[in-house]
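Under the working numbering, the first residue of the sequence shown is numbered 6, with each subsequent residue one higher.
Note that the Cβ used here is the ideal one computed from N, Cα and C, for glycine as well.
All values derive from a computational prediction rather than experimental measurement.
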Amino acid sequence: GWEVLGKAAITGAEGSQTFNLRWSRLTLEEDRLRVSGPLGAGNTEIIRQGNTLLWRTGDQLLPINDLPDEDPVKILVEGVPLALISRWLLGYPSAGDQWQVQTLEWQRVADWRGPRRLIASSTGISVKVFLQQWQLEPVK
6 GWEVLGKAAI TGAEGSQTFN LRWSRLTLEE DRLRVSGPLG AGNTEIIRQG NTLLWRTGDQ
66 LLPINDLPDE DPVKILVEGV PLALISRWLL GYPSAGDQWQ VQTLEWQRVA DWRGPRRLIA
126 SSTGISVKVF LQQWQLEPVK
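Laid out in structure tokens, this is it:
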């Protein structure tokens with residue numbers, strides 16, 4: 006698995022949101038994304054289990070679809086494809102989808118080269134990501 010700490014900004018028709026992120030790939034089927042700051046308004050955790058997206062509120066895990074349509078977390082996951090972002094974070098290009106991804110700066114992480122800064126854009130939305138700290142370990 007891996008874990009990365011960083012910052013991100015999402016700009017769309019509704020304006021711009023910035024937040025801190027901690028993205029953990031626990032297994033090939035499970036990701037945990039913790040966001041804090043204006044978008045996360047403290048701390049919000051989004052969990053991917055296979056094709057299911059959940060968010061944690063206290064001790065409960067609830068489907069993302071249960072959030073109100075105007076909730077910033079719901080807007081984030083509907084506007085930005087989380088499954089694709091995890092590929093972008095590892096430096097893989099966008100694969101035949103509607104997103105254009107450009108790695109602006111690379112960094113050395115152990116014996117691996119990974120993105121430090123990247124930007125992804127699609128119709129009406131852009132995502133800028135700055136990755137500060139990586140931790141790599143074998144995937145379970």
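A straight-line Cα-Cα distance of about 28 Å links residue 15 and residue 64.
Residue environment for residue 66: exposed (fewer than 16 other C-beta atoms within 10 angstroms of its C-beta). Here residue 88 is exposed. Its C-beta has fewer than 16 other C-beta atoms within 10 Å. C-alpha of residue 109 to C-alpha of residue 136: approximately 11 Å in a straight line. Under a 10 Å Cβ-count criterion, residue 98 is classified as exposed, with fewer than 16 other Cβ atoms of the shown protein chains found around its own Cβ. Under the three-state reduction of DSSP output, residue 83 falls in the helix class. Here the alpha carbon of residue 10 sits roughly 24 Å from the alpha carbon of residue 68.
If you draw a straight line from the Cα of residue 129 to the Cα of residue 59, it is about 25 Å long.
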